[in-house]
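Asker:
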Amino acid sequence: MAELVLKDLVIKYGKVTALDKLNLTIKDGELVTLLGPSGCGKTTTLRSVSGFLPVQEGEIFLNGKRITDIAPEKRGIGLVFQNYALWPHMTVFKNLAFGLELRKMPAEEIKRKVAAVLASVKMEEYADRFPRQLSGGQQQRVALARAIILEPDILLLDEPLSNLDALLREQMRFEIAAIHSRLGITTMYVTHDQTEAMVISDRIVVMRNGRVMQEGKPEDIYMRPQNKFVAGFMGTTCFVKGVVAQLDGERCVLRTDDGIELYGIATGLNVGQNALAAIRPEYILLGSRAVAGSAEVNRFRAQVDRSNFTGELFDYQLRLGNNFIRAKEYEAKTVYELGQTIDIKIDEERLPIVYDTDSGATAV
Ligand code: ADP
Ligand code: MG
2 MAELVLKDLV IKYGKVTALD KLNLTIKDGE LVTLLGPSGC GKTTTLRSVS GFLPVQEGEI
62 FLNGKRITDI APEKRGIGLV FQNYALWPHM TVFKNLAFGL ELRKMPAEEI KRKVAAVLAS
122 VKMEEYADRF PRQLSGGQQQ RVALARAIIL EPDILLLDEP LSNLDALLRE QMRFEIAAIH
182 SRLGITTMYV THDQTEAMVI SDRIVVMRNG RVMQEGKPED IYMRPQNKFV AGFMGTTCFV
242 KGVVAQLDGE RCVLRTDDGI ELYGIATGLN VGQNALAAIR PEYILLGSRA VAGSAEVNRF
302 RAQVDRSNFT GELFDYQLRL GNNFIRAKEY EAKTVYELGQ TIDIKIDEER LPIVYDTDSG
362 ATAV
């Protein structure tokens, strides 16, 4: 059982406020990812939980017990960083055994345990190698094994895959997710890579400037972003400005200044408020596909302004009223010409209407 709660954490480096009353809960066994751009306070959060960075305001609780001022080694926390930091002069076996030896575990038991943990990260063949004899991905697996062998209550991972090449990074995402679901260790994972966060997480916490902008399941963060920052951070998004004209539960109509009515979904907005439609290129149908259904909601005429063929898809820039939006079409049957006016239809279930975080207003 390990539940981690961060309450109103404030950390400042001189004049820079790195964490600005951060609140966060990680439930037992959950893998929660802190996602946000460089400098948003992810590493600072991790270091404060590990105990290596003192907290100036606020509290940290582990299983209801206040650990804010407890020494790092007494917190039951395992750490893995971007640079694997394995001990170069020790074999893989020794790297893993070392912490157990310090705990005076009998040699036979250490052997058994190292073998089991190496198997769990698929490295059982490599016990006798030195770190320099391993690839980056293998070193990172050993670093992960070294953290989990001590059976921490909480595992903290800070951009553990960012030094790996793209292919290996993709593969390791699945493996980390698999290891987590096998072992069920409560895990705080840090990344600036939204796809990585989507693949790995039970829950994503999107951060900006030391604050939480939104948290939720990956699909909710992607499909139901509540503000411009989150929508813009997740995938490709084109924003169209307007005023909330109607609200019915989460159904929302946004009227643009050129008179277009966009139907979408929203939370936390009011009628009359300025807001943005967050249009995702993959949720637009073009041409005959746009008029195939009977409903005319979100069906418009748009002009092809730019067209790129990437091999797997056509990527169009379209002029819709006074705005430019993008549309991606896979398995294109028709190729549209520059300047051509075509029918388009935007999926209203997949059109978030969001708060404009850049508007200067204070509410989020
Ligand atoms: P992230 O991990 O999300 O990239 P950090 O937690 O490292 O962000 O940093 C948050 C903010 O604190 C940034 O503005 C960064 O420049 C600042 N910062 C981090 N560490 C220090 C430090 N040791 N001294 C001064 N400023 C720091
Ligand atoms: Mg960092």
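Just so you know, the working numbering puts 228 at position 227 of the sequence shown, and the rest follows in order with no gaps.
All residues carry an ideal CB built from backbone N, CA and C; glycine is no exception.
1. Of the residues Arg212, Lys334, Val206 and Gly322, which one's Cα is nearest the Cα of Leu23?
2. Taking DSSP's pairing of strands, which residues face Val308 in a bridge?
3. Are the beta-carbon atoms belonging to Glu152 and Gly265 less than 7 Å from one another?
4. Does the contact criterion of 3 or more C-beta pairs under 8 Å hold for the segment 20-38 versus the segment 5-12?
5. Roughly how many angstroms separate the alpha carbons of Leu352 and Gln341, rounded to a whole number?
6. Report whether the distance from the Cβ of Thr192 to the nearest heavy atom of the ligand ADP is below 6 Å.
7. Please return the same chain residues whose Cβ sits closer than 8 Å to the Cβ of Lys123, not counting the five positions on each side in sequence.
8. Taking only three categories from DSSP, how would you classify Glu220?
9. Could you tell me which residues DSSP pairs with Val244 in its beta bridges?
10. For Arg142, name the three-state secondary structure that DSSP assigns.
11. Using only alpha-carbon positions, find the residue among Thr44, Ser360, Gly185 and Val6 that is nearest to His193.
12. Going by Cα to Cα distance, which pick from Arg147, Leu63, Ser289 and Val191 is closest to Pro161?
13. Helix, strand or coil, according to DSSP, for Glu171 in the structure here?
14. Cβ of Ala1 within 7 Å of Cβ of Leu255?
15. With a threshold of 8 Å on Cβ separation, who are the neighbours of Leu135 within its own chain once the five nearest residues in sequence on each side are excluded?
16. Among the residues of its own chain, which have a CB less than 7 Å from the CB of Arg320, if the five just before and after it don't count?
17. Give me the residue from Thr268, Arg209 and Thr311 with the minimum Cα distance to Tyr356.
18. For the ligand ADP, any of its heavy atoms closer than 6 Å to the Cβ of Tyr14?
19. Verify whether the separation of the beta carbon atoms of Thr238 and Ala279 is less than 7 Å.
20. Using 6 Å as the cut-off, classify the Cβ of Lys43 as near or not near the heavy atoms of the ligand ADP, replying yes or no.
21. Is Gly52 near the ligand ADP, judged by its Cβ being under 6 Å from some heavy atom?
22. Per DSSP, what kind of secondary structure is Arg130 in: helix, strand or coil?
23. According to the Cβ coordinates, are Gly217 and Leu169 closer than 7 Å?
24. For Ile155, which of helix, strand or coil comes out of DSSP?
25. Give the straight-line distance between the Cα atoms of Val365 and Pro226, rounded to the nearest whole angstrom.
26. So the beta strand (DSSP E) Lys368 belongs to, where does it begin and stop?
27. Look at Leu157 and Leu54 and say whether their C-beta atoms are less than 7 Å apart.
28. Please name the residue in Ile347, Lys334, Ile354 and Val33 whose C-alpha comes closest to that of Ser182.
29. Which residue comes first and which comes last in the beta strand (DSSP E) that contains Phe230?
30. What's the gap between the Cα of Glu109 and the Cα of Met91?
31. Nearest CA to the CA of Asp159: which residue from Glu4, Ala86, Lys112 and Ser360?
32. Helix, strand or coil: how does DSSP classify Ala72 here?
33. Helix, strand or coil for Ala66, going by three-state DSSP, please let me know.
Answerer: On the basis of the supplied data:
1. Arg212
2. In the sequence under discussion, the amino acid at residue 308 is Ser, which differs from the Val named in the question. Beta-bridge pairing links Ser308 to Tyr317.
3. no
4. yes
5. 25 Å
6. no
7. Arg142 and Glu176
8. helix
9. Arg256 and Asn275
10. helix
11. Thr44
12. Val191
13. helix
14. For residue 1 there is no data in the structure shown, the boundaries of the chain being 2 and 365.
15. Val93, Tyr127 and Val143
16. Ala303, Gln304 and Asp306
17. Thr268
18. yes
19. yes
20. yes
21. no
22. coil
23. no
24. strand
25. Low confidence applies to Val365: its pLDDT is 42, below 50, so where it sits in the model is not reliable, and the reading given next is rough at best. Approximately 12 Å between the Cα atoms of the pair.
26. Past the boundaries of the shown model lies residue 368; the chain is included only from 2 to 365, so the question cannot be answered.
27. no
28. Val33
29. No beta strand (DSSP E) contains Phe230, which is instead part of the alpha helix (DSSP H) from Lys229 to Phe234.
30. 19 Å
31. Ala86
32. coil
33. The sequence shown places Lys at residue 66, rather than the Ala named in the question. It is a strand residue.
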